[in-house]
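Below is one structure; the comments refer to it alone.
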Amino acid sequence: MSLLATEILTPRYELAWYPWAVQYFFMIAISYSALMLSLPGLVFRSERFMPLARLALLVAVTCTLVGPVALLADLHQPARFWHFYANPAPWSWMSIGAFLLPPYVVLTILYGYFAWRPALKARGAEGQDWDAKLARLLCLGNWQTPRLAVIVFGVLAALFACGIMVYTGAEIAILASRPLWNTHWLPVMFVLTGLIAASGLVMLLNRLMAGANSDVYRQGLRVILVAILAAAVVAATWFIQGITGYSPSVQAALESVRHNPDWTAIAVWALSAGVLLFLATVAMLRAPGWQRWAWLLGLLAIHMGWAFRWLVLMEVQTVAKNTAGYYHLAVEAGSYGLLGIIGTFGLWLAVLLIIDILVPWRDVNNARSATY
Amino acid sequence: MDFARRTLLGQMARLTAGAALMPFSSLANAGINAQPSRREGDGSKRYAMLIDLRQCIGCQACTVSCHIENEAPLGSFRTIVSQYEVENEDTGDIATMMLPRLCNHCEVPPCVPVCPVQATYQREDGIVVVDNEACVGCAYCVQACPYDARFINEYTQTADKCTFCAHRLDVGLLPACVESCVGGARIIGDIRDPDSQISRMMAEHHDDLMVLKPEQGTSPHVFYLGMDERFVTRPLADPAIWDVRNSEGKEIGYEFAGH
Ligand code: SF4
Ligand code: SF4
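Here's what the structure looks like:
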C-alpha cells in the first residue's frame, strides 16, 4: 500500500445500520433453520426426529416472535412501518421482505399452535388448576385439532421460510457498493451459519429444558457437521475466486481488508472457531460418551452464527467507501447499541419462559399419538 | 411513549388522507433491483455538474454554504471537499489534492431501486431526491450508495443527501455551493441544452473528464476536470488524520466525539 497520500479532511461517517440489524438477521435465521429442523418430526411424522422437532419448534416460534421486533427497532422511523404496505416497491428486496415476513410469522405461529394444541387439550382436561383453565382457554373451544393442520401450516411456513432465506441474503448481496457483501455466496453462508446456530440452540435447550436427550444431541451434531463442511467449501471458493481474480468483486473485497490487522485477527478467529467446531463435532459423533458436553458445543455454534452476522453487518460498515481507510466502530450503550443487543436476547428469554409456562410443549409427541 | 403514540396517530391520519400513498400506476414492471420509472421534474432537462479541480482551492466555502442552506446536522455533510496530502515519490515534494464530493445524481442510481417505500426517487431531470415524509429511515440507500453521499439526518431520522439544491434550481437560482464557490470551480447546468455553459465545457474537455468509480456502472453525472486518475476509485490513501491511531492503537485527535 502506498503511504504517499494522506487524507486530511473527510467527514466522519456514522454506521447506518445498528446492532439491531444483527439481532434481526440472527433471530430470523435461527427461526427459519429451526423450522426446517422441526419438519422431519412434525410434518413427515418420523418418530425418530420427534424429540428434535419439539425443541426446534419451540426455538422457531420464540425467535419468529422476537426477530421482527429487532427489525422494527432498526428503522430510524419505526412508527412509519406502514409505509412498507402503503408504498410497495416490488423491485426492492427489502420491500419484498416486508411482504414475506408477516405471513411467515403468522404461519409459523399457526404451525406451532396446531402442533401444541393436542397437548394443551390434554392438560385442559386435567382438572381445575389455573394451568388447566388457561390451557382450556388457549384451546379456543372444544373442537378436535384437525390432523392435517400441522402438516399444511408446516409446509406453508417452510415455503415462506425459503422466501425469508432468499430475501435476507439477496438484500445484502446485491449491494455492489460494498464488495465484501456483493457475492452470491453470502445468502448461502447466512443459511449455513443459521443452521449451525439453530442446531446449537436446540442442543443447549436440550440440556436445559429437555433432559439432555441423546437423539437430539446426535442429530444436532450431524446437522452442524454437514453445515460446517459446506460453509468451509463456500468460504474456500469465495477466497479462491478473489485471489485468482475470477470475481473482481471478491478481489476488491479482499483488497479492501488485506492490510488491516483487525481483519487479519478476524480471519484467524473465524478459521480457528470453525476448525474447533468441526473437530469437536467429529470427536463427539465418534465417541458418544462425550456427547453430554454437546450443549457446550452448542454455545460455540450459537456464537459462530451470531458473530458471522456481526462481522458481515457491522464490521463491513467500517470499511470506508471513499478512501483506503476504516471508520471506527463504536457500539454505544443505550437503545441503539449494547442495550439493543441485550434487550433482544432478554425479550427472547421472556418469550421462551412464557411459552414454557403456558404450553406443555414437551408433550407434543406424546399427545400426537394419543388424542387429536 | 406519548410522543411516539401521537406520531403514530398523526401518521395514520395522513394515511387516511391518502397524502403519502403512491399512485399504483407507479408500480411499473421493473424487475427486482431494476430502476423504477422516474417521476416529477422537467423531463426535457438533465441536470449535471462539472467540477473544475484546477480552480478549486479547497476553501470549503461550498461545504459551509451547503450546510447553512440545507440545515444539515453538525458533523453530517451533503457536500465536502476531501483533501489529500500527496508526496512525490521521487522528489519528496508535498502537494495537496482537493476533491469536492457530493451526490453524483447517477444515471443508474443504485440508491433508488433499493428503497422499499419509493421515498428515494429520480426526477425526470435526473436529480435524485428523498421524500422525507415517506422515508422510513431504513438506511438501505445509505448502504447502496458507493460514494457515501447519503447519511441519516439525526434531526429528521430520515435519509438525507445533496439535491443539487433542487428547491433553488426550480425557481431559477443556483445551488448554494455553486453560488459560493470562490474559484468558480463548480458549474451546474442542463446537459440537454447544447448552449449551456456545462455542455460547452463538456464538449471542449470531453477527453479529460472523469467520474468517480466508473466501474460501479452508476454513470455519475458529476464530472471532474483536472482529476488525478489515482483518485477515481478508492484512493490508496491513509485514512483521515482524525482517525489515525497511535502506536498503542488508540485513536488520537478525534474531532467529532459526541456527534
Ligand atoms: S451518488 Fe449515491 S446517492 Fe447520489 S445518485 Fe449516485 S448512488 Fe444515489
Ligand atoms: S432510508 Fe428512506 S430513502 Fe433510504 S431506502 Fe430507506 S426508506 Fe428509502
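For the record, the sequence lines run as chains A and B. Taken in order, the first sequence gives residues 1 to 372; the numbers are from this note's numbering. Taken in order, the second sequence gives residues 1001 to 1259; the numbers are from this note's numbering. For every residue, glycine included, the Cβ atom is placed at its ideal position computed from N, Cα and C. It should be emphasised that the depicted structure is a prediction, and the values quoted were computed from it without experimental measurement.
For the stretch 92 to 107 of chain A, which residues have a CB atom closer than 9 angstroms to at least one CB atom of chain B, in sequence order?
Taking 9 angstroms as the Cβ-Cβ cut-off against chain B, the residues of the stretch 92 to 107 of chain A that qualify are S92, W93, M94, S95, I96, G97 and A98.
Does A/D129 come out as helix, strand or coil in the three-state DSSP assignment?
Secondary structure of A/D129 (DSSP, three-state): coil.
Closer than 7 angstroms: B/V1108 CB and nearest ligand 2 heavy atom
Within the chosen limit of 7 angstroms, ligand 2 does not reach the beta carbon of B/V1108 with any heavy atom.
Name the two residues that bound the continuous alpha helix (DSSP H) containing B/T1156.
Secondary structure note for B/T1156: it is in no alpha helix (DSSP H), with a DSSP letter that is neither H nor E.
Jot down the residue ranges of each uninterrupted beta strand (DSSP E) in the stretch 249 to 316 of chain A, minimum 3 residues, whole runs only, in chain order.
You should have found no qualifying run.
Assuming the contact rule is C-beta atoms closer than 8 angstroms, B/A1166 and B/P1113 should be a hit. Round their C-beta distance to whole Å, please.
About 20 angstroms; that fails the 8 angstroms criterion.
Which residue from A/F84, A/Y104, A/R218 and A/A149 puts its Cα closest to that of A/R286?
Minimum Cα-Cα distance from A/R286 among the listed residues A/F84, A/Y104, A/R218 and A/A149 corresponds to A/R218.
Can you confirm whether B/T1091, when its beta carbon is compared against all beta carbons of chain A, has any partner nearer than 8 angstroms?
No Cβ of chain A is located within less than 8 angstroms of the beta carbon of B/T1091.
Of the residues B/L1209, B/R1046, B/A1048 and B/Q1060, which one's Cα is nearest the Cα of B/V1182?
Distance from the Cα of B/V1182 is smallest, within the candidate group B/L1209, B/R1046, B/A1048 and B/Q1060, for B/Q1060.
Give me the residue from A/D129, A/A230 and A/A70 with the minimum Cα distance to A/W20.
Put simply, of A/D129, A/A230 and A/A70 the residue whose alpha carbon is nearest the alpha carbon of A/W20 is A/A70.
By a C-beta neighbour count over all protein chains shown, 10 Å radius and 16 as the cutoff for buried, is A/A5 buried or exposed?
Here A/A5 is buried. Its C-beta has 16 or more other C-beta atoms within 10 Å.
Using a Cβ-Cβ distance under 8 angstroms, would B/A1061 count as near chain A?
Chain A contact via Cβ: absent.
Rounded separation between A/W185 and A/G289 - CA only:
Cα to Cα, A/W185 sits roughly 36 angstroms from A/G289.
Would you mind listing the beta strand (DSSP E) stretches within the stretch 1107 to 1185 of chain B that are 3+ residues and don't spill past its ends, in chain order?
1120 to 1122, 1128 to 1130, 1151 to 1153 and 1158 to 1160, all fully within the stretch 1107 to 1185 of chain B.
Of all Cβ atoms in chain B, is any one closer than 8 angstroms to the Cβ of A/I174?
Closer than 8 angstroms: yes.
Strictly by DSSP, which residues pair up with B/S1082?
Note: B/S1082 sits in a beta bridge opposite B/L1099.
Mind listing the chain A neighbours of B/C1135? Cutoff is C-beta to C-beta under 9 angstroms, in chain order.
Residues of chain A with a Cβ closer than 9 angstroms to the Cβ of B/C1135 are, in chain order, H76, Q77, R80 and H83.
Cβ distance (whole Å) where A/L204 is taken to contact A/G298 below 8 angstroms
About 4 angstroms separates the two Cβ atoms, so the contact holds.
Determine the contact status of B/C1106 and B/T1233, defining contact as a CB-CB distance below 8 angstroms.
Cβ atoms of B/C1106 and B/T1233: not closer than 8 angstroms.
Can you check which of these residues, A/W293, A/W295 and A/V233, is closest to A/G274 by C-alpha distance?
Minimum Cα distance to A/G274 is reached at A/V233.
Counting beta carbon pairs with one atom in the stretch 1068 to 1078 of chain B and one in the stretch 1183 to 1196 of chain B, are three or more of them shorter than 8 angstroms?
The stretch 1183 to 1196 of chain B, when compared against the stretch 1068 to 1078 of chain B, does not touch it at the 8 angstroms Cβ threshold.
What does DSSP give as the partner residue(s) for B/M1202 in the beta ladder?
Beta-bridge partners of B/M1202 (DSSP): none assigned.
Hey, does A/T6 have any beta-carbon neighbour from chain E nearer than 8 angstroms?
Judged by its chain identifiers, the structure shown contains no chain E, and its protein chains are A and B.
Determine the chain A residues that contact B/D1207 at a beta-carbon separation under 9 angstroms, and present them in chain order.
Per Cβ cutoff of 9 angstroms: no residues; B/D1207 is ~25 angstroms from chain A at best.
As an exercise, report each continuous alpha helix (DSSP H) stretch of at least 4 residues that is fully enclosed by the stretch 72 to 154 of chain A, in chain order.
You should have 83 to 86, 93 to 124 and 130 to 138.
Strictly by DSSP, which residues pair up with B/I1188?
B/I1188 pairs with B/M1049.
With burial defined as no fewer than 16 other Cβ atoms inside 10 Å of the residue's Cβ, what is the status of A/R48: buried or exposed?
Counting Cβ neighbours within 10 Å, A/R48 comes out exposed, since fewer than 16 surround it.
State the Cα-Cα distance for the pair A/A56 and A/A270, rounded to the nearest angstrom.
A/A56 and A/A270 have their C-alpha atoms spaced approximately 26 angstroms apart.
Using the C-alpha atoms, what's the distance from A/E14 back to A/V166?
Those two C-alpha atoms are separated by around 28 angstroms.
Interfacial residues, the stretch 177 to 190 of chain A to chain B, with Cβ spacing under 9 angstroms
For the stretch 177 to 190 of chain A, the set of residues with a beta-carbon nearer than 9 angstroms to any beta-carbon of chain B comprises S177, R178 and W181, in chain order.
What residues in its chain sit with their C-beta under 8 angstroms from that of A/A236, if we drop five residues either side in the sequence?
If we look at A/A236 and ignore the five residues flanking it on each side, it has no Cβ neighbours.
Does the distance from the CB of B/G1226 to the CB of B/R1054 come in under 8 angstroms?
Against a cut-off of 8 angstroms, the Cβ pair of B/R1054 and B/G1226 comes out as a contact.
Could you spell out the range, first to last residue, of the beta strand (DSSP E) harbouring A/F190?
Not the beta strand (DSSP E): A/F190 falls in the alpha helix (DSSP H), residues W185 to M209.
8 angstroms Cβ cutoff, B/S1219 in contact with chain A:
No, B/S1219 lies away from the interface with chain A (no Cβ there is under 8 angstroms from its Cβ).
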